[in-house]
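Everything on this sheet refers to the single structure shown next.
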Amino acid sequence: MEHLLLASVPMVVSTMLFLIIFIKKGFSKSKVQCPRPPPGPWRLPIIGCMHHLASRLSFRVFRHLSLTYGPLMLVRIGQVDFAVASSREAAREILKNQDPNFAARPEVVVGDIVFYGCSDVIFSPYGPYWKQLRYICFMELLRTKRVRSFASIREEETLNVIRDISTAAQPINMREKLFRMSNAIISRAAIGPRSKHQETFILVAREVIDVLGEFYAVDMFPSLKLIHVLSGAKNKLQRIRRRLDKIFDDIIKEHEVKANMNKGRQVAEVEEDIVDALLRLKDESELQVPMTMDGIKAVILDMLVGGTENSSVVIEWAMSELMRNPKIMEKAQKEVMEELKGKNRIQETDVVELNYLKSIVKETLRLHPPVRLIPRMCRKTCEVLGYEIEAGTPVLVNAWAINRDPQYWEEAESFRPERFEGKSIDFKGGNFEYLPFGAGRRICPGLGFGLATIHLSLAQLLLYFDWKLPDGRKSEELDMSETLGVSVTRKTELKLSATPRIPIPSTV
Ligand code: HEM
């Protein structure tokens, strides 16, 4: 018997081993076959989780939901499942470790109609066309050397707004002034001397910015064609597109006339803006993917919208925070005044030295990143933090929630520029707890351009004026609530009274 038992030991052991291997294989196989999607809130038929969003700001709702469902969740809005990332680790995975998988943008009706069939940089699918466009924008407009070459434009336009404020009726609508100033700066840099279309463009730009910030039934209910017709969204967007066409056709015609006059001259001899460069490249055969007229218009739109809205929104938030924090305002004004040191004006080269002001801008971008939800799309089914994200899933990285997560930030809700002093943390896409410009392949290419405008204009505003809330209101009374658009703006426009501190120079 004992013998028999002993003889059966190897058999038992090998059977057990076989079973273990089989069960293990079976489990790992079932893991591959039944991947887990990220968890998410319960859904109602047809509308999905839309009821959570009703009349509330999506980025706030998503942060709230993430406390229950975790750093990566799946939220169905209408018929579409959105993967929402709300932690530094999830952001790092999406924007860095698996960046190529997430380097696409969701396909939306605004991109399709207003942005010329997504033939711009923001909306174009990841691939050689997008790469080529991004490179052209970078070389012709957005690289550091080019950005520096526009310093005189920024100096002129920021001084124009300072003069304007000094003579304007009080209180001053800061949003209006800052929007116009940023638009003038990017227009002059991107399309040349002040254009006769500027006023019309400002109006259309506002419309484009508004429609960019809206949720469209067409996008949320792709299969319910009747809703598409009833919503009238496509007609509205096509009307905007026709108005843009008119402006851009004129701008392009002016540039073609100029190009004809310059024919025969070397590129180096001619002062080119980005429209000149795009038109020249369109006729050259070296491009990997040919440029079309629609593509050129779409790029102009990207630059004008990207360059106008985000910068002006950040300056408005910075001024709002400074109004609520008079001690920080005083310290910043002192720093700018010291930098003036007997000169009659601040130039861009002086701004480099304004470290406290730069920390104020960093802190403003932390608490009020204009792009709260960074939109990407999954290109290839993959695993993130142990969950499967299917190809084609739109992904939103909640930069707003991450930027103020108390796990990474002390006194996360307070405005404390000092937190950045002497710290290496910055917005170039290497710190995933701080994402005002995104990260990875699709990080904002206008970062340097935007910051140059913000730094100089804020320095000028602080140098030339003392600021007060109108009607004797106290700083604590300033309403800081937000409203959702393409950039998240203050719900109410910031209105301030300005008293000149030092004489304003008449020329740059
Ligand atoms: C303070 C100012 C600005 C902020 C906070 C900002 C923020 C952002 C963010 C968060 C993204 C998405 C990045 C991602 O997906 O990872 C983005 C993309 C983009 N931004 Fe900006 N931006 C600013 C200024 C500008 C300016 C001045 C321009 C152009 C003149 C510009 C042009 C663009 C373009 C073309 C894209 C799309 C890039 C792509 O898809 O490859 N932005 N921006």
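The sequence shown lines up with residues 1 to 508 when you count with the working numbering.
For each residue, glycine too, the CB sits at the ideal point set by N, CA and C.
Just so you know, these numbers come straight off a predicted model, no measurement behind them.
Return yes when at least one heavy atom of the ligand HEM lies under 7 Å from the C-beta of residue 471, else no.
No - the ligand HEM has no heavy atom lying nearer than 7 Å to the Cβ of residue 471.
Considering only their Cβ atoms, is the gap separating residue 291 from residue 278 smaller than 8 Å?
Yes. Within cutoff.
Ordered along the chain, which non-local residues of its own chain (more than five positions away) have a Cβ less than 7 Å from that of residue 380?
Cβ within range, chain order: 101 and 391.
Any chance you could list the alpha helix (DSSP H) runs of at least 4 consecutive residues sitting entirely within the stretch 81 to 160, in chain order?
Runs of the alpha helix (DSSP H) inside the stretch 81 to 160: 88 to 92, 109 to 113, 128 to 137 and 144 to 149.
Per DSSP, residue 418 forms a beta bridge with which residues?
Answer by DSSP bridge pairing: none, since residue 418 is not bridged.
With three or more beta-carbon pairs closer than 8 Å as the criterion, would you say the stretch 468 to 485 touches the stretch 435 to 453?
Too few Cβ pairs lie closer than 8 Å, so no.
How far does the beta strand (DSSP E) with residue 467 in it extend, from its first residue to its last?
Here the beta strand (DSSP E) through residue 467 covers 465 to 468.
For residue 396, write down the residues that DSSP places opposite it in a beta bridge.
For residue 396, which the question treats as bridged, DSSP gives the partners 84 and 375.
In chain order, which continuous runs of the alpha helix (DSSP H) of length 4 or greater are located wholly inside the stretch 53 to 80?
Counting whole runs of 4 or more residues, the stretch 53 to 80 contains the alpha helix (DSSP H) stretches 58 to 69.
On the DSSP letters alone, give me the boundaries of the alpha helix (DSSP H) that residue 315 sits inside.
Counting along the chain, the alpha helix (DSSP H) containing residue 315 begins and ends at 293 to 324.
When DSSP builds the beta bridges, which residues end up paired with residue 384?
In DSSP, residue 384 forms a bridge with 387.
Taking only the alpha-carbon atoms, compute the straight-line gap between residue 365 and residue 436 and give it to the nearest angstrom.
Answer to the nearest angstrom: the Cα atoms are 6 Å apart.
If you draw a straight line from the C-alpha of residue 187 to the C-alpha of residue 196, how long is it?
Using only the alpha carbons, I get a separation of about 11 Å.
Can you give the beta carbon distance from residue 179 to residue 321, rounded, assuming they're within the 8 Å contact cut?
That belief does not hold up - the Cβ atoms of residue 179 and residue 321 are roughly 19 Å apart, past 8 Å.
With DSSP run on the structure shown, which of helix, strand or coil describes residue 188?
Helix, per DSSP.
How about residue 208: is its Cβ closer than 7 Å to a heavy atom in the ligand HEM?
The answer is no for residue 208.
Using DSSP bridges, identify the partner residues of residue 173.
495.
Helix, strand or coil: which one does DSSP assign to residue 490?
It is a strand residue.
In whole angstroms, give me the CA-to-CA distance for residue 24 and residue 95.
Unreliable positioning characterises residue 24 in this predicted model, as indicated by a pLDDT of 47, which lies under 50. The coordinate reading is nonetheless provided below. Approximately 33 Å, taken between the alpha carbons.
Of the residues 359, 256 and 353, which one's Cα is nearest the Cα of residue 419?
Answer by Cα proximity: 359.
Rounded to a whole number of angstroms, what is the C-alpha to C-alpha distance between residue 350 and residue 150?
The straight-line gap from Cα to Cα measures roughly 15 Å.
Excluding the 5 residues preceding and the 5 following residue 173 in the sequence, name in chain order all residues of the same chain whose CB lies nearer than 6 Å to its CB.
Closer than 6 Å at the Cβ level, and outside the excluded window around residue 173, lie 493 and 495.
With 16 as the cutoff for other CB atoms within 10 Å, does residue 129 come out buried or exposed?
Counting Cβ neighbours within 10 Å, residue 129 comes out buried, since at least 16 surround it.
Tell me whether the beta-carbon of residue 122 lies closer than 8 Å to the beta-carbon of residue 143.
No, they are not a contact pair.
If I measure Cβ to Cβ from residue 468 and keep anything under 6 Å in the same chain, skipping five residues before and after, which residues do I get?
Same-chain partners within the cutoff: 497.
Quick check on residue 81: buried or exposed, where buried means 16 or more other Cβ atoms within 10 Å of its Cβ?
Answer is buried; the Cβ neighbour count reaches 16.
Closest by CA to residue 370, which one among 490, 471 and 406?
Comparing Cα positions, the closest option is 490.
Taking residue 253 as part of the alpha helix (DSSP H), name the residues at either end of that continuous run.
Its alpha helix (DSSP H) spans residues 233 to 261.
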